[in-house]
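Residue numbers (the working numbering): 1178 to 1546. For each residue, glycine too, the CB sits at the ideal point set by N, CA and C. Just so you know, these numbers come straight off a predicted model, no measurement behind them. Scroll down for the structure; my scribbles are underneath it.
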Ligand SMILES: Cc1ncc(COP(=O)(O)O)c(C=O)c1O
């Protein structure tokens, strides 16, 4: 038999680990399902009823390839966010677009800058393209745009990643700080502004406005959070038309399925449903904060659909609390590196799901002691 063919050098040097072990895989590993699923910042409410209806009507079209230009969705997103269609590219969620951006902008050995403990899928794609990751610490549990810009200048970075609002802390920076960051990075450096949670924001001044344009900023939006379509894998990148056209050099042209496009278009059209979701998520945040406080934890202010809770001690303690929650079938997560790892992170669920959290969290804390 011939020898097993070897991988190319860059993937050969990578560990075979994707950024997250999902709740299904965790459940298979432990032989038991979770009672509540609040660890992946998914929406726990169903998407707009218009989505189910549109998928039902479109189901027979599943036999056709999707529109690889995602024309109708692209036009609708452009109008929604205040841009021309040429400034918008539809992709397989933000995660998929992050991979394409890394490929478009990073040659092996070049530098991308992010915050230590920020969204790991960005890091995964950077390293996956043989590029080098530089990190700066959070400051007061927020990402620090000044430090990101300074590190980008020191290292001649090609990409800077900022999530606003942020995962895993739920915190945010002002739009003015984002704009200053864009002016402070070196020439030939792209600022990637991940706005996965922007719909949940309660402070309008903090949100980057509709139609905001800077040639070196690319915004990323998703249907996975407020629109409740994480399983459909749809998002978009918004930026300068020449950069957006760059995706056509490398993208998976049929990656966003026909039914995903149909679902996203229907969701985008139901503003009333979205407003209801945002309201219920805000109520869920308030309840989660109250649950945290009732148990002696400090809920961090959040502009997202989750609340990060400071357990008041070190990472080992918070990891033990998380372990006890998981053992009681509550799927939650926590930030990775110190000092963020003194916290656990729980998404806003339905009333019934938060009842389970209210019951289980004190048990978990008692078990840890
Ligand atoms: C900051 C951030 N960006 C992107 C994503 C994933 O977005 P998508 O489902 O569109 O790939 C998440 C999901 O948790 C996230 O927290």
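Distance CB(residue 1482)-CB(residue 1218) smaller than 8 Å: yes
Straight-line gap, residue 1372 to residue 1199 (C-alpha atoms, nearest Å): 22 Å
Opening and closing residue of the alpha helix (DSSP H) in which residue 1203 lies: Per DSSP, residue 1203 belongs to the alpha helix (DSSP H) from 1200 to 1207.
Alpha helix (DSSP H) segments (min. 4 residues) lying fully within the stretch 1403 to 1486: 1418 to 1423, 1435 to 1445 and 1448 to 1471
Outcome for residue 1493 when other beta-carbon atoms lying within 10 angstroms are tallied against a minimum of 16: Taking a 10 Å sphere around the C-beta of residue 1493, we find fewer than 16 other C-beta atoms and assign the residue as exposed.
Host alpha helix (DSSP H) of residue 1234 (start-end): 1226 to 1235
7 Å CB neighbourhood of residue 1270 in its chain, flanking five on each side removed: 1399, 1401, 1410, 1411 and 1412
Closest by C-alpha distance to residue 1415, when choosing among 1186, 1278 and 1223: 1278
DSSP state of residue 1399 mapped onto helix, strand, coil: strand
Nearest candidate by alpha-carbon position, reference residue 1519, set 1478, 1490, 1426 and 1385: 1490
Alpha helix (DSSP H) segment containing residue 1357, residue limits: 1352 to 1361
Reduced DSSP category for residue 1377 - H, G, I as helix; E, B as strand; rest coil: helix
Helix, strand or coil at residue 1498 [DSSP, three-state]: helix
Meets three-Cβ-pair contact criterion under 8 Å: the stretch 1390 to 1399 and the stretch 1361 to 1375: yes
Which listed residue (1505, 1523, 1504 and 1501) has its alpha carbon closest to that of residue 1511: Looking at the Cα atoms, 1523 is the closest of the given residues.
Contact test: residue 1463 Cβ vs ligand 1 heavy atom, cutoff 7 Å: no
Residues whose Cβ lies closer than 6 Å to any heavy atom of ligand 1, in chain order: 1218, 1270, 1271, 1272, 1296, 1340, 1344, 1371, 1373, 1399, 1401, 1407 and 1412
One or two residues paired with residue 1615 in a DSSP bridge: Past the edges of the chain, shown from 1178 to 1546, lies residue 1615, and the structure says nothing about it.
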